[in-house]
Amino acid sequence: MKFTNDFFSPTSTDPADDLVQLVDSYSLENVNYQKVTHWYHEANPVAMTDALCDGIIYRKRNGEYYALTSFLAGKPINIELFGAKGDATTDDTQAFLKAADFVNRLYDFVSVDPNNPSERFSLELQSVTLVGNSPVGYKITNTILFKKPVNFIVDRIFYRGTSDKTALIFQNSFKNTITTNISGTPVANASSDNYVGILLQGSQHCKMYLGASFFTKGIVCDANDSPGIFSGFAWNEIQLKSMQSNLDAFVIRNSNNGWANANRVIGGEFGSFTGLLDVSTVTRRRTFVKFEKDAASKGCNSWLFLNQAFEWGHDLDPWETLCFDFSAAPCYGISISEPRIEIKTGERIGIFHRGSEFNFNSNQIHYLTYFTDQDGVKYIGEKPVVLLDEDLSGDSKTNGSDSHFYVKNLEPFNELTGLFPNADYDNQFCQVFKINDHNTNLWVQWHRYAQFVLFDENRNIITDSALLQAQIDLLDFRPQDYWIAPGITSDVKIIKIGAEDEGDYVNNMYFIPEAKYVGIIQRQYDNARLKVMINRADRGKIEKVKFLQIPSETYSTVNDPSDSSMVGFNFNTGEKFYNFNTHKTTVIKESGVGSTLSGYTVDAVVGSRTFTVKTGDMAKLSLGTIFYVNTAGGAVRFKIAAKAGNVIMANIPSHVTMTDADITFPICTFDTY
45 MKFTNDFFSP TSTDPADDLV QLVDSYSLEN VNYQKVTHWY HEANPVAMTD
95 ALCDGIIYRK RNGEYYALTS FLAGKPINIE LFGAKGDATT DDTQAFLKAA
145 DFVNRLYDFV SVDPNNPSER FSLELQSVTL VGNSPVGYKI TNTILFKKPV
195 NFIVDRIFYR GTSDKTALIF QNSFKNTITT NISGTPVANA SSDNYVGILL
245 QGSQHCKMYL GASFFTKGIV CDANDSPGIF SGFAWNEIQL KSMQSNLDAF
295 VIRNSNNGWA NANRVIGGEF GSFTGLLDVS TVTRRRTFVK FEKDAASKGC
345 NSWLFLNQAF EWGHDLDPWE TLCFDFSAAP CYGISISEPR IEIKTGERIG
395 IFHRGSEFNF NSNQIHYLTY FTDQDGVKYI GEKPVVLLDE DLSGDSKTNG
445 SDSHFYVKNL EPFNELTGLF PNADYDNQFC QVFKINDHNT NLWVQWHRYA
495 QFVLFDENRN IITDSALLQA QIDLLDFRPQ DYWIAPGITS DVKIIKIGAE
545 DEGDYVNNMY FIPEAKYVGI IQRQYDNARL KVMINRADRG KIEKVKFLQI
595 PSETYSTVND PSDSSMVGFN FNTGEKFYNF NTHKTTVIKE SGVGSTLSGY
645 TVDAVVGSRT FTVKTGDMAK LSLGTIFYVN TAGGAVRFKI AAKAGNVIMA
695 NIPSHVTMTD ADITFPICTF DTY
């Protein structure tokens, strides 16, 4: 019985047979070595060199080369041959580094016919198979990097190095099978984003069975257009196993203009046990599936997620957890099918994304709410309690000059003077909520401008800048971009962000203890919508109230429809107006304008909806205003559907041709209670 280390020792005097039978010095397995002159039989042919000798699979003895016959026969290579102990306590890092060194020395291709240049199009990347069959696992303490393709089947690996490194890196995988599960040290230190369990760079057409727990980032799929790495990450099937107690469990990343697309991710048990992440090192929300990119890269497309299981509780309080976060860039063709979601504490789940063709299909969660923030990021949450969902476009009235607005149900607000019961001066609208528990999370969707004010227990607007800044700090998203806007008096200060050309803003917040009410403010725009929600578990902790006591389905004003200040409005049957001066409600009986409009003449052609106003003030004509041609005696009534310059578009075509025809606007009738 002769051991490999003895036979290949520089002092060995054993005969140099063409085939030798030995016992491996590390694994104690019977092994055979064959004398060779070329790498892998006569392939290519590539003559053996010292550079190909790794000292385990290929060895040099007295100027001659030997190769492990099981490798030449295409059999898997046991990691124990490189010196791994596999007892879960011995540091096997050097054995894994030797295995990686062997893989990284190998040639990329072998041509079927070196004399045929076209053969390069049928080349297959070489890849060997490494296995580790220890029933208890392998301990490593440093990064193991495979630069060349490898089939890697080592199911239990424990990383016990420092919390600022990547444990396993697989580069340029091509039609490989990678099966492994790695765990960092429990009570994971998540302070470094470099603390990664498995980093996959440039993979194609692979089947992977992976799990990673107790890292800042469990598994990272990196499309990285860098020298020595295939730029894409595509056409892989990834079967996930246990993904426990990571800050970002499964990450898709585009680097250096790389592009990750067309991959399928199946299964995965995502969760976190209380106490197994070091909460003191966590500074952001946790995400189970996340997309990242650098400045040189764009989005990704065509990822399918099937049957993931998500479960968590209050282990990272107060940081929220997102199931999926694709908000970093437009991502297309993302499909999430039948996830299992269990939230033990009743907190909400989340999915953020940008881009189109985003499909979420779950038989478990039937009611989903979509938001869109200012960057087009959409949010899907569990069925919430909707405190307010007001369409300001559908529930608003505007005069002919677009200078005066009414919004049904919301209270008038002026950014200079605050809540003020005079619609002549309001330029936006407000809904007030009573804060019964300041630790309650409130979700708000604004259109273009995000604005809110805080009130104290006496319903006075809070104007202390230190308190308002403390409230800004409680905003979840981009708090640094919000600012405090002073009113014309010292009685008003508003927290705001936004611009005329922005989209929707979405944010959520807790509240400072001094805030007893919050007023959510929305400006009037086309298609403006204001939505406010809380989690189901927080029902009753924040509730909608009315400071000005406006009746439901009612417009607030200080004037009756016939008042001169109401010129320019039209009134429709059934509309209600609440007069703050009289505290009475007016109900419109017959549609029309509030007071007489005279001196209007028009031209029109029979069969056309276009009316040209020859005389009369266009600023006093609002959309929906009714008129008729005097010569017809009111038999045919038109309604203004659109207007531009001195031209109005009616709802129906003119029944006659007319020139300088006088028209009449009917006066509305109403009852006051």
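Each residue of the sequence shown is one higher than the one before, counting from 45 in this note's numbering.
Note that beta-carbon positions come from the ideal geometry of N, C-alpha and C, so glycine has one too.
Since the structure is predicted, the reported quantities are computational estimates derived from the model, not experimental observations.
- Beta-bridge annotation (DSSP): ASP715 is paired with VAL631.
- Spatial neighbours of LYS209 in its own chain (CB-CB distance under 6 Å, excluding positions within 5 residues in sequence) are listed in chain order as THR187.
- The criterion of a C-beta distance shorter than 8 Å is not satisfied by TYR151 and GLN138.
- A Cβ-Cβ contact shorter than 8 Å links ILE121 with THR173.
- The beta strand (DSSP E) runs lying completely inside the region 546 to 577 and spanning 3 residues or more are 548 to 553, 561 to 567, given in chain order.
- Per the coordinates, the alpha-carbon of ASN225 lies some 8 Å from the alpha-carbon of LYS285.
- Non-local beta-carbon contacts of LYS590 in its own chain, meaning distances under 8 Å to residues more than five positions away in sequence, involve GLU455, VAL476 in chain order.
- Between the beta-carbon of ASN614 and that of THR669 there is about 4 Å, and that keeps the pair under the 8 Å contact cut.
- If you draw a 10 Å sphere on the C-beta of GLN524, you find fewer than 16 other C-beta atoms in it, and that means exposed.
- Apart from sequence neighbours up to five positions away, the residues of its chain that approach LYS142 with a beta-carbon distance below 8 Å are ASP98, GLY99, ILE100, PHE126, GLY127, ordered along the chain.
- Each of GLY205, SER162, MET92, GLU163 was checked against the Cα of THR133, and the nearest Cα belongs to GLY205.
- Residue pairing from DSSP places THR442 in a beta bridge opposite PHE449.
- Judged by DSSP in its simplified three-state form, ILE123 adopts helix.
- Within the DSSP bridge table, the entry for GLY176 names VAL198 as partners.
- Counting C-beta pairs closer than 8 Å gives three or more between the region 303 to 310 and the region 275 to 293, which meets the contact rule.
- Annotation for ASN458: the continuous beta strand (DSSP E) segment containing it runs 455 to 458.
- In the displayed model, ILE506 falls within coil according to three-state DSSP, outside both helix and strand.
- In this structure ILE564 is not in contact with PHE499, their Cβ atoms being roughly 12 Å apart against a cut-off of 8 Å.
- Taking 8 Å as the cut-off, the beta carbon of PHE294 is found closer than this to the beta carbon of GLY262.
- Straight-line spacing of the CA atoms in LEU460 and ALA529 works out to 10 Å.
- Residue pairing by DSSP places LEU348 opposite ARG308, SER379 in a beta bridge.
- Only residues of its own chain outside the window of five on either side were considered, and among them ASN307, ILE378 have a CB closer than 6 Å to the CB of TRP347, listed in chain order.
- In this chain, the alpha helix (DSSP H) harbouring VAL147 covers 137 to 149.
- The continuous alpha helix (DSSP H) containing SER114 extends over residues 113 to 116.
- Remark: C-beta atoms of PRO557 and HIS491 do not approach each other more closely than 8 Å.
- Judged by beta-carbon spacing, ILE632 lies within the 8 Å limit of ASN616, meaning their Cβ atoms are closer than that value.
- By the criterion of a C-beta distance shorter than 8 Å, THR645 is surrounded in its chain by VAL657, LYS658, THR659, GLY660, ASP704, ALA705, ASP706, ILE707, once the five residues flanking it on both sides are discounted.
- Going by DSSP, ASP50 is part of the alpha helix (DSSP H) stretching over 48 to 51.
- Taking TYR182 as reference, the option from ILE197, LYS191, THR442 with the minimal CA-CA separation is ILE197.
- The three-state secondary structure of PHE277, taken from DSSP, is strand.
- ASN216 and ASN345 have their C-alpha atoms roughly 20 Å apart.
- When secondary structure is reduced to three states using DSSP, GLN472 falls in the strand class.
- A direct Cα-Cα distance of roughly 31 Å separates GLU73 from PHE153.
- Put simply, the backbone Cα of LEU66 is about 13 Å away from that of SER114.
- Non-local beta-carbon contacts of PHE218 in its own chain, meaning distances under 6 Å to residues more than five positions away in sequence, involve LEU169, PRO193, GLN248 in chain order.
- Between VAL429 and ARG573 a beta carbon distance of about 18 Å is seen, past the 8 Å cut, so the two are scored as non-contacting.
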